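Protein chains in written order, with the working numbering: chain R, -15 to 176; chain W, -15 to 176.
The C-beta atom is built at its ideal place from N, Cα and C for all residues, glycine as well.
On a predicted model such as this, the values are computed, not experimentally measured, just so you know.
Scroll down for the structure; my scribbles are underneath it.
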DNA sequence: GTCTATAGGCAGATAGAC
DNA sequence: GTCTATCTGCCTATAGAC
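Structure follows, in structure tokens:
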């Protein structure tokens, strides 16, 4: 792996765990085992440029991952269940929620930097778009699919915050159980 | 208002807007028009002690406010609607979501400080308890009330993050429209 | 492309006068 | 209880050798 990719990979995890301001460049270069000069060679505009690169990288990682899961399950309900299960497994193994969250970057930087805010907005939008298409395929109207996709995104993001405060995966498990109430297709199923 | 209350009041707003690491002590004392020595007289253990005091203050403010709203409306559905409306009004007037959110403190500090994490956890728990009791009064079973209260908390918290990234109040409006799907009393329960 | 060395500023925190 | 002055250390960022 080339140095630039290595920096992005490690910095992304650190930013997710500790937030943007919570991670210093010194910590990043130590974790990468490189020098400060090397970092600034790849990101001449400094830390914020690195953060945006991380958010773009995260965007691809997350959307690829979700698309992959959504292709493997017939309905949105089953797909979101599988997705949350994966999040929980990750949380219980790693101890941190480095999966699909970037809430620390949002809440810290949204009011301070428009480029960062826009990168975060784009990521949320792409996640919702995936949910949206699956919901339309499930038989939802466009309006209902759109609002439901937003609700899924918000509740999972909020659920991650609850998991972080409690150091337990239970909140996400509960959300996984409640989500079917809004994901149930509003038409009669042909089987059963 | 005494100096200590003034510091807590102003620091709380700043922490909510910019996050814990995003606000310096210098910024706080300038906004309060006091000196650093005065701040350290009231909070001898420094910034983290101040943050926890802010979270406790926020706890009282938020729970009082929510209890007040919940007493004025007959059902959970109407009460949450009114609560979200108030959040949105605040957001559109002030430009920032300093209402019931402290997500920046959670996501920044949860992995770094247990006292802070616990203060945040307590706040979330108290909010959910208010929802829980109202839902039980609505006729929900204890289990359903508990999981629904968690879902309401998570979706509103996540909705605020979406509002912050988009600089628009629409996400919270949509959530307000979708929430009835899980808040409808199941008194005309359909067999599954 | 990677390194070392360092600049310049601001962070949180402290000491002691009044 | 509030002030000014100051300390130490970390922060981002830069310069220039190899």
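Chain R within 8 Å of residue 184 of chain W, Cβ atoms only: Nothing about residue 184 of chain W can be read from this structure; chain W reaches only from -15 to 176.
The stretch 19 to 34 of chain R / the stretch 67 to 85 of chain R touching (three or more Cβ pairs under 8 Å): Using a Cβ-Cβ distance cut-off of 8 Å, the stretch 19 to 34 of chain R and the stretch 67 to 85 of chain R are not in contact, since fewer than three pairs of beta carbons, one from each stretch, lie closer than that value.
Residues near residue 146 of chain W in its chain [Cβ-Cβ closer than 6 Å; skip 5 each side]: Counting from one through the second chain, the residue named residue 146 of chain W turns up at place 162. Cβ neighbours of residue 146 of chain W beyond the five flanking positions: 155.
Through-space distance from residue 139 of chain W to residue 135 of chain R, alpha-carbon basis: Reading the first chain from its first residue, position 151 is the one you call residue 135 of chain R. Reading the second chain from its first residue, position 155 is the one you call residue 139 of chain W. Those two C-alpha atoms are separated by around 7 Å.
Backbone CA spacing between residue 66 of chain W and residue 53 of chain W [nearest angstrom]: What you label residue 66 of chain W is simply residue 82 of the second chain in a count that begins at 1. What you label residue 53 of chain W is simply residue 69 of the second chain in a count that begins at 1. So the alpha carbons of these two residues sit roughly 7 Å apart.
Backbone CA spacing between residue 173 of chain W and residue 107 of chain R [nearest angstrom]: If you number the second chain from 1, residue 173 of chain W lands on position 189. If you number the first chain from 1, residue 107 of chain R lands on position 123. With a pLDDT of only 46 at residue 173 of chain W, under the threshold of 50, the placement of this residue in the model should not be trusted; the figure read from the coordinates follows. Looking at the two C-alpha atoms, the distance is approximately 38 Å.
Residue-chain proximity (residue 9 of chain R, chain W), Cβ-Cβ < 8 Å: On the first chain, residue 9 of chain R is found 25 positions in, with the first residue counted as 1. Output row for residue 9 of chain R: interface = no.
Residues within the stretch 9 to 31 of chain W neighbouring chain R, beta-carbon criterion of under 9 Å: none
Through-space distance from residue 160 of chain R to residue 70 of chain R, alpha-carbon basis: On the first chain, position 86 is the one that residue 70 of chain R refers to. On the first chain, position 176 is the one that residue 160 of chain R refers to. Those two C-alpha atoms are separated by around 12 Å.
Residue 175 of chain W to residue 64 of chain R span [Cα, whole Å]: In the second chain, residue 175 of chain W corresponds to position 191, counting from 1. In the first chain, residue 64 of chain R corresponds to position 80, counting from 1. Note that residue 175 of chain W scores 42 on pLDDT, short of 50, meaning its location in the model is unreliable and no value can be drawn from it.
Whole alpha helix (DSSP H) elements within the stretch 68 to 143 of chain R, 4-residue minimum: 87 to 93 and 98 to 122
Sequence ranges, alpha helix (DSSP H) only - wholly within the stretch -1 to 23 of chain W, length at least 4: 9 to 16
Neighbour list for residue 166 of chain R in chain W, Cβ cutoff strictly below 7 Å: Along the first chain, read from residue 1 onward, the residue named residue 166 of chain R stands at position 182. Near residue 166 of chain R (Cβ distances below 7 Å), the residues of chain W are 162, 165 and 166.
Stretch pair the stretch 90 to 101 of chain W + the stretch 121 to 135 of chain R: three plus CB contacts closer than 8 Å: no
Within chain W, partners of residue -2 of chain R - CB distance below 7 Å: Numbered from its first residue, the first chain carries residue -2 of chain R at position 14. Those within 7 Å of residue -2 of chain R in chain W number zero; the least Cβ separation is about 11 Å.
Selected residue, minimal CA-CA separation from residue 88 of chain R, among R/-15, R/-11 and R/2: Against the first chain, residue 88 of chain R aligns to sequence position 104. It is R/2.
Proximal residues to residue 86 of chain W (C-beta, below 8 Å), its chain only, five neighbours per side dropped: By 1-based counting over the second chain, the position of residue 86 of chain W is 102. Within the same chain, residue 86 of chain W has close Cβ partners -1, 0, 39, 42, 104 and 107.
Three-state class that DSSP yields for residue 65 of chain W in the structure shown: If you number the second chain from 1, residue 65 of chain W lands on position 81. Three-state result, residue 65 of chain W: helix.
Nearest residue (CA-CA) to residue 33 of chain W, options W/109, W/-12 and W/18: Here the question's residue 33 of chain W lines up with position 49 in the second chain. Of W/109, W/-12 and W/18, the residue nearest in Cα terms is W/-12.
As assigned by DSSP and simplified to three states, the class of residue 28 of chain R: To locate residue 28 of chain R, count along the first chain from 1; it is residue 44. If DSSP states are grouped into helix, strand and coil, residue 28 of chain R belongs with coil.
Limits of the alpha helix (DSSP H) - the one that residue 165 of chain W falls within: Taking the second chain and counting its residues from 1, the one referred to as residue 165 of chain W is at position 181. Looking at the DSSP string, the run of the alpha helix (DSSP H) that includes residue 165 of chain W is 164 to 167.
Close Cβ partners of residue 143 of chain W (< 6 Å) along its chain, the five nearest in sequence each way excluded: Along the second chain, read from residue 1 onward, the residue named residue 143 of chain W stands at position 159. Result list for residue 143 of chain W: 155, 156 and 159, in chain order.
Interface positions of the stretch 131 to 144 of chain W facing chain R (Cβ-Cβ less than 8 Å), listed along the chain: 131, 132, 134, 135, 137, 138, 139, 140, 141, 142 and 143
Distance CB(residue 149 of chain W)-CB(residue 90 of chain R) smaller than 8 Å: Position 165 of the second chain, counted from the first residue, corresponds to residue 149 of chain W. Position 106 of the first chain, counted from the first residue, corresponds to residue 90 of chain R. In terms of Cβ geometry, residue 149 of chain W and residue 90 of chain R form a close pair [threshold 8 Å].
CB contact flag (residue 193 of chain W, residue 132 of chain W, <8 Å): No answer is possible for residue 193 of chain W: the residues shown for chain W start at -15 and end at 176.
Chain R contact residues for residue 95 of chain W, given Cβ-Cβ distances below 8 Å: As a working mapping, residue 95 of chain W is identified with position 111 in the second chain. Going along chain R in sequence order, the residues near residue 95 of chain W (Cβ under 8 Å) are 1, 2, 80 and 148.
8 Å Cβ cutoff met for residue 50 of chain W and residue 111 of chain W: By 1-based counting over the second chain, the position of residue 50 of chain W is 66. By 1-based counting over the second chain, the position of residue 111 of chain W is 127. The answer is yes: Cβ separation under 8 Å.
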